[in-house]
Amino acid sequence: MGSETFDLNEQPHENEGGGLNYVLLQKDCKNICRTKVYDLPIEVPIIWSVTAFVPIKAYQKSDFPKFLLLPYPEDSRQKSEWGKFMRFLSENKRAAIARCGSSTFHILAPEPDECSSFPHAVLLYECGQNGPGDCKHMAGTSEHHRLVLESSPCESVEDSPRVLNPVVKKRMASPTKNFIVADPSYLRTLSQTHASWIFGAIAELIDNSRDAGASRLSISIEHLFSKKAQKKIPVLSVIDDGHGMTYPDIMRMISFGHKRPNGHREDQIGRFGIGFKTGAMKLGKDAIVLTQTKSSRSVAFLSQSFNEEKDNLEIPVVAYRKEGQYMEVDLSVQSDATAEYNLNAIKNFSSFNEYFIGEKLGLFGEDTGTQIYIWNLDTWGTDYTLEWNSGKSSENPVHHGRGDILIRSRRVRSRPGQTSNKVLLDYSLQSYLEVMFLNPRMKISVQGSLVKSRPLAKTLNKTSVVSGEIMERTIILTLGRSKVEWDRTNCGIFLYWHGRLIESYKRVGGQKHSTDMGRGVIGVADITNLIDDEDGNSWVLNNKQGFQDCEMYAKLEEWLGRKVDEYWDTKFDSLTLRKGDEHHNTDSDWVQCYSCRKWRMLNAGFNVDNLPEEWFCYMPPFNGKCEIPEQQAGPDIIVIGEKRSGHDEQKKAALQGGTPEEEMRHENHEIQMITQDEFVKNVQDMPEVVHKRKKISSGTPSKPQKNRDDDLEGVSSQTEDDVPLTRLKRLRRGPARTNKR
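Counted from 1, the sequence shown has number 226 at position 223 by our numbering; the numbering is strictly sequential.
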């Protein structure tokens, strides 16, 4: 071109195998027209925004590479807007400027023909920060150059487009930035986040559903036909009825880390931008996401199989938008060619074709939600890490139709001081989901069976609610005793963050050093106020299965240890524990409404076995409405059960004119009179140990009881009114006894 002026009426050349780009022109966020251009030397975004206009005389002697911009209108409106846009440029002798990172595109209108149809526009490409007045410095760079492939996984590129033309690279005068390429093997690396416990991976997907405001969630494993394997394979599905994801939302979800949006809720669990990737890639090698909002649909494919032979990680996405009553490809974010390419990739490397995808999306109807399907599931030896039971009684008679997903190894997670192997939530998804949320609201089903949520704080007896301060931050801890955990020799604290379980059965204080001390004692606390700082950062591990080692957490452990030890000393070391359900019943029974998901306290003595599977607030014994607020226990309140220890004795003593304190002192005096020598003599002379004590209510000697070593378990050195007594030495015969009930 040199010093010659270029011809604005040059006709577009035929495509000779070069790359084709579809570009949507916009001005002030309003669409002008969709266009297409061949043979650009760089990768460009699909939307160009016109930001300025300059006189065309600055380009008469320029050496910018020239291309032809062809209109490709989607409808009659865009066709009309293209004509108006070109006439404006032509009549005013102006060029439109569209900047994309460090690159600038100059759009010039050709001289109008007799029909003023403007069949094309002239596109000049400028790389670097030079303006139109600096065009003279660009001479000698307009000859055609062959495009070259990238030779390094770390290319020095500018902000947005990646320049592939070597001469264009040479022209770049501004500082460059290094952007890394994500190798597909990184997906496998991400999966190791949940290598120690696969349920942590499922929890990541459940967190996303909760953050999306879902009220229903279904988790199941079903068999679908795989074209690649030529047989049916198990596919894990997670389906919710949340608000779904728009195209920007799903692009944020599949990106590797992102900033929290401005609309981030305080109770939102998703914080780190890696949950879906780490969770899905641990569960299986391939995952597809189908999501629907009121006005759009999107399909994303995150796959290790699809990326096996690639040098850079590729995630196909197809976006649709609602046009009337139909969903059409969203050409504002991708071209037809891109959508077709991505859809073919999904069809070739998954069990899904466009008809199957349409069938699954049809499950939403007019509603919103998200469906995730994962296959090529994680393996344990020669089998799958997960195993599953059907939720149908006919297919699962052993478990009475209770569907569940289990970890095949049945291994219990390692915890300091843990001795019991009966920790169901470590390998049963049903058991884990029962306590996963502090205030459960979603209706979750596993293998077709509804999860019966079990808010721990409402299932304890001898409950105490204790408040305190740690580093000037408030914490509220609920402590109580659980019969179920007593029978399993379990105990510990359940720590929640934003209402989501992070640590379970955390032993503190004396619980870490003794199987008997604190046995059956469970604590529940939400420590969001302690773990989150003022800047929005959190001390939670990114796998959400523990907390970082920090000063706050260390002081929390100390505080919890003191409170649990005080609770045990006050509630149990000073009381005689007897065998009988009256000492293990919960302080009150609760039931969750199937509609509003609020928990209601039942009247004392009501038989919970009479409740239907789906109970509502208007039913007895509550007989109320869903609008009534949920009852809450306040801090510093000790809730005492009706069937607490000594309750019956107090009533009987009152009828006989005596006080329960006098009766208890009389009983402890009787125990104190049995010396150690006498006790040893009784053990040697009698085939069975007889524990000498009188009935509290009548004062008459009790009948000898056989094999009741458990009665000695509760004998303590202190009475309820803190009268000190000599501690008795516990003696046993033969091998160590088991905890029989």
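By construction, the Cβ of each residue, glycine as well, lies at the ideal position given by its N, Cα and C atoms.
- Residue 87 sits in a helix when the DSSP states are folded into three classes.
- A direct Cα-to-Cα measurement between residue 527 and residue 485 gives close to 12 angstroms.
- Rounded to the nearest angstrom, the gap between the Cα atoms of residue 553 and residue 197 is 22 angstroms.
- When beta bridges are read from the DSSP output, residue 565 appears opposite no residue.
- Unbroken alpha helix (DSSP H) stretches of 4 residues or longer found wholly inside the segment 387-446: 432-438, given in chain order.
- Excluding residues up to 5 positions away in sequence, 280, 281, 284 lie with their Cβ nearer than 6 angstroms to the Cβ of residue 193 in the same chain.
- Residue 489 counts as buried, since at least 16 other C-beta atoms from the protein chains shown sit within 10 angstroms of its C-beta.
- Excluding five sequence positions before and after residue 551, the CB atoms of its chain that fall closer than 8 angstroms to its own CB belong to 542, 543, 544, given in chain order.
- For residue 562, the number of other beta carbons within 10 angstroms of its own is at least 16, and it is reported as buried.
- Of 29, 293, 416, the smallest CA-CA separation from residue 376 is found for 293.
- Between residue 354 and residue 230, the beta carbon gap of about 7 angstroms places them in contact (Cβ cut-off 8 angstroms).
- Inter-segment contact for the segment 360-372 and the segment 383-397 is absent: fewer than three beta-carbon pairs are separated by less than 8 angstroms.
- Ranked by how close their Cα comes to the Cα of residue 390, the residues 374, 418, 430 have 430 in first place.
- In the three-state reduction of the DSSP assignment, residue 57 falls in the strand class, which pools E and B.
- Rounded to the nearest whole angstrom, the CA to CA distance from residue 246 to residue 215 is 6 angstroms.
- At the C-beta level, residue 303 and residue 257 come within 7 angstroms of one another.
- Taking a cut-off of 8 angstroms for Cβ pairs, the segment 97-117 and the segment 51-58 touch, as three or more such pairs fall below it.
- Annotation: the continuous beta strand (DSSP E) that includes residue 464 extends over 464-473.
- The beta carbons of residue 273 and residue 333 sit no closer together than 7 angstroms.
- Close CB contacts of residue 25 within its chain, under the 6 angstroms cut and outside five residues either way in sequence, are with 39, 338 (chain order).
- With three or more CB-CB distances shorter than 8 angstroms, the segment 624-635 counts as touching the segment 596-603.
- Cβ-Cβ separation between residue 538 and residue 499: approximately 22 angstroms, too far for a contact (criterion under 8 angstroms).
- As DSSP reads the structure, residue 226 sits in a beta bridge with 237.
- In the DSSP annotation of this structure, the continuous segment of the alpha helix (DSSP H) that includes residue 341 starts and ends at 339-351.
- Residue pairing by DSSP puts residue 477 in a beta bridge opposite 472.
- Counted as a single uninterrupted DSSP element, the beta strand (DSSP E) harbouring residue 330 occupies residues 329-332.
- As a beta-bridge residue in DSSP terms, residue 51 pairs with 28.
- Non-local C-beta neighbours of residue 307 in its own chain, meaning closer than 6 angstroms and more than five positions away in sequence, comprise 190, 288, ordered along the chain.
- Of the candidates 408, 621, 535, 92, the residue whose Cα lies closest to the Cα of residue 59 is 92.
- Burial state of residue 361 is exposed, judged by a 10 Å Cβ sphere holding fewer than 16 other Cβ atoms.
- If you draw a 10 Å sphere on the C-beta of residue 70, you find 16 or more other C-beta atoms in it, and that means buried.
- By the neighbour-count definition (other C-beta atoms within 10 Å, threshold 16), residue 32 is an exposed residue.
- Inclusion of residue 27 and residue 37 in the CB contact set at 7 angstroms is warranted, their separation being smaller than that value.
- Nearest C-alpha to residue 595 among 575, 619, 609: 619.
- Counting the other CB atoms within 10 Å of its CB gives residue 87 a total below 16, which places it among the exposed residues.
- Residue 631 sits in coil when the DSSP states are folded into three classes, being neither helix nor strand.
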